[in-house]
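Colleague: Before anything else, here's the structure in question.
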Amino acid sequence: MELYKRLLSYSKPYWKWILASMTCSALAALCTAASAMIVKNVVDDIFTHKDQFMLLVIPILVIGLIALKGLFAYGQATLIAYVGEKVILKLRSELFQHIQLLSLRYFSKTPTGTLISRITNDVTLLHVVVSHMLADFIRDGFTVLGLLGVIFYRHWRLALISLSVLPFAFLFMTRFGQKVRKVTRNSQMKMADMTNVLHEKISGIRIVKAFCAEERESARFMQVVNDYFDTAMRSARIHALSSSISELLGGLGVAGVMWYGGYEVIRGITTPGTFFSFMTALLMLYEPIKKLSRANNKIQQAMAAAERVFEVLDTRPEIQEAKDAVRLPPAKGDIVYEGVSFQYENTPVLKEINLKARAGEITAFVGPSGAGKTTL
-16 MELYKRLLSY SKPYWKWILA SMTCSALAAL CTAASAMIVK NVVDDIFTHK DQFMLLVIPI
44 LVIGLIALKG LFAYGQATLI AYVGEKVILK LRSELFQHIQ LLSLRYFSKT PTGTLISRIT
104 NDVTLLHVVV SHMLADFIRD GFTVLGLLGV IFYRHWRLAL ISLSVLPFAF LFMTRFGQKV
164 RKVTRNSQMK MADMTNVLHE KISGIRIVKA FCAEERESAR FMQVVNDYFD TAMRSARIHA
224 LSSSISELLG GLGVAGVMWY GGYEVIRGIT TPGTFFSFMT ALLMLYEPIK KLSRANNKIQ
284 QAMAAAERVF EVLDTRPEIQ EAKDAVRLPP AKGDIVYEGV SFQYENTPVL KEINLKARAG
344 EITAFVGPSG AGKTTL
């Protein structure tokens, strides 16, 4: 829950845009609910009672509802996309600036490709979810509420029958969400490994060619790619199984409604218009519910990426700037080392170095690889 709160805190400055987007979503949902409501008038007034006036009015009303829904949907999508882009811009900028402040020891033990993957792959996954899935989550959430109102208004007993499968759907959604989050975390780690190998081999291509090691390095890269493929396929199977189970549960609910509703229509308890209006709202309801299920899986993917991003942001530099630190003027004069030692983790690099580089002179360092030239 803390991870959700932390990620959502980045959207607080844009609460006005979020509120406007939610308003547009609510209005679009009302248009959807109204479309389901007028099905009763189509069946009872036009088909049954042959009402010529309603035959003229209802098509115009449908066109108006569709136009209004499209307008509100456009407003909702653009507003929430603005919020998502701003959040990702801030997060990516904050991550890059923080990485620059970390100590050299952190870079010595963290592969460059891993850091690149955090800024690109992990933040990109967050971008997809925040910019697109959040919009779907808000829109479909309001649509579900509107259509629930329609089905309970039309026939509360049929509504209870149709919703009897929801506890099972919620149970499966929770279980699959946990699996998706775990698999996504592994997938992002494999992606980081692949990025790291790519960075290492491309930056060292001269060495690879000098030792005619192309075949060996290709085999190593393919091993990493195959590892990522296996993880991606596990994720695909989980998503496919989740979708199939959602379809099955939805079908059970619809079958129960058709049996009981048909029975009441035959007995004259319910009019055909009421039943078809209910069925229209119910069928329209299952699609946003399935989208919300898929959105939950995507959100779990985002949480896995957020864990990796915040892991970097929570890494503190070993040397902290004092709160009352002052900016030093440009340094002038000689550079002097007196008994300087340095090590990475437990590996000594410099030991008791004494050196004086006079101002205006060029001092060159010569030595084998790993001798400490770059550190010095």
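Residue numbers (this note's numbering): -16 to 359. Just so you know, even glycine gets a beta-carbon here, dropped at the ideal spot from N, CA and C. Here the structure is a predicted model, which means the values were calculated and not measured.
In terms of residue numbering, what span does the alpha helix (DSSP H) encompassing I99 cover?
Modeller: From DSSP, the alpha helix (DSSP H) with I99 extends over 95 to 100.
Colleague: Give the range of the alpha helix (DSSP H) segment to which F36 is assigned.
Modeller: Residues 35 to 84.
Colleague: Rounded to whole angstroms, what is the Cα-Cα separation between N24 and L51?
Modeller: Whole-angstrom Cα-Cα distance: 20 Å.
Colleague: Could you work out which residue in T358, E270, V295, Q283 is closest to V127 when comparing CA atoms only?
Modeller: Comparing Cα positions, the closest option is E270.
Colleague: Sort out for me which residues DSSP pairs Y320 with in a bridge.
Modeller: Partner(s): L338.
Colleague: List the residues that DSSP assigns as beta-bridge partners of Q326.
Modeller: Paired residues: P331.
Colleague: Taking the CB atoms as reference points, tell me whether A3 and L62 lie closer together than 8 Å.
Modeller: In contact: A3 and L62 (Cβ atoms closer than 8 Å).
Colleague: Taking C-beta to C-beta, are V66 and W0 nearer than 8 Å?
Modeller: Yes.
Colleague: Taking the alpha helix (DSSP H) that G244 falls in, what are its first and last residues?
Modeller: First-last of the alpha helix (DSSP H) with G244: 197 to 250.
Colleague: Nearest to N329 by alpha carbon, out of F261, R250, S91, L311?
Modeller: That would be S91, whose Cα lies nearest to the Cα of N329.
Colleague: Based on Cα-Cα distance, which residue from P331, A118, I82 lies nearest to F55?
Modeller: The shortest Cα separation from F55 among P331, A118, I82 belongs to A118.
Colleague: Tell me which residues share the same chain as V292 and place their Cβ nearer than 8 Å to its Cβ, disregarding the 5 neighbours each side in the sequence.
Modeller: Contacts found: L74, L78, R101, D105, V106, L109.
Colleague: To the nearest angstrom, report how far apart L224 and V332 are at their CA atoms.
Modeller: Using only the alpha carbons, I get a separation of about 53 Å.
Colleague: Measuring only the C-alpha atoms, how far is E290 from Y246?
Modeller: Cα to Cα, the separation comes out at about 52 Å.
Colleague: Using a Cβ-Cβ cutoff of less than 6 Å, which residues in the same chain neighbour A202 once the five nearest sequence positions on both sides are dropped?
Modeller: Result list for A202: empty, nothing under 6 Å.
Colleague: What whole-angstrom Cβ distance do A19 and T263 have, given they're in contact under 8 Å?
Modeller: Going by Cβ atoms, the distance from A19 to T263 rounds to 5 Å, so yes, they are a contact pair.
Colleague: How about Y269: is its Cβ closer than 7 Å to a heavy atom in the ligand NAD?
Modeller: The ligand NAD is not part of this structure, which contains no ligands at all.
Colleague: Cα-Cα, which of K339, P312, L296 is closest to Q80?
Modeller: If we check each option's Cα against that of Q80, L296 comes out closest.
Colleague: Less than 8 Å separating the beta-carbons of S147 and V240?
Modeller: Contact flag unset, no.
Colleague: Enumerate in chain order the residues of its own chain whose CB-to-CB distance from V180 is below 8 Å, with the five nearest sequence positions on each side excluded.
Modeller: Closer than 8 Å at Cβ, skipping near neighbours: G96, R203, F204, V207.
Colleague: Apart from the five residues just before and just after A16, which ones in its own chain have a Cβ nearer than 7 Å to its Cβ?
Modeller: So the qualifying residues of the chain are G129, L130, G132, V133.
Colleague: Short check: CB of T103 to CB of S170, under 8 Å?
Modeller: Taking 8 Å as the Cβ cut-off, T103 and S170 do not qualify as a contacting pair.
Colleague: Does the separation of the CB atoms of D307 and A342 fall below 8 Å?
Modeller: No, these two residues do not count as a Cβ contact at 8 Å.
Colleague: Classify T167 as buried or exposed, calling it buried when 16 or more other Cβ atoms lie within 10 Å of its own Cβ.
Modeller: T167 should be labelled buried.
Colleague: Beta carbon of D210, beta carbon of K173: below 8 Å?
Modeller: Cβ distance < 8 Å, so D210 and K173 count as in contact.
Colleague: Got a sec? Which residues, its chain only, sit under 8 Å from Q283 by beta carbon, not counting five neighbours each side?
Modeller: G160, Q161, V163, R164, T167.
Colleague: DSSP on P313, reduced to helix/strand/coil?
Modeller: Reduced to three states, the DSSP call for P313 is coil.
Colleague: From what residue to what residue does the alpha helix (DSSP H) around E344 run?
Modeller: No alpha helix (DSSP H) holds E344; DSSP gives it neither H nor E.
Colleague: Buried or exposed, going by whether 16 or more other CB atoms sit within 10 Å of the CB of R158?
Modeller: The residue is exposed, with fewer than 16 neighbouring Cβ atoms inside 10 Å.
Colleague: Who are the Cβ neighbours of L38 in its own chain at under 7 Å, not counting the five residues just before and after it?
Modeller: So the qualifying residues of the chain are I29.
Colleague: Please state whether the Cβ-Cβ distance between S227 and V22 is less than 8 Å.
Modeller: No, they are not a contact pair.
Colleague: Taking just the CA atoms, how far does F151 sit from G233?
Modeller: Distance between the alpha carbons of G233 and F151 is about 11 Å.
Colleague: Considering only residues of the same chain and omitting the five flanking positions on each side of S324, which have a CB-CB separation below 8 Å?
Modeller: Counting only Cβ-Cβ distances below 8 Å, and skipping sequence neighbours, we find P331, L333, K334, E335, I336.
Colleague: For E200 and I272, I'd like the C-alpha separation in whole angstroms.
Modeller: Using only the alpha carbons, I get a separation of about 47 Å.
Colleague: Would you identify the three-state DSSP class for R299, choosing helix, strand or coil?
Modeller: Reduced to three states, the DSSP call for R299 is coil.
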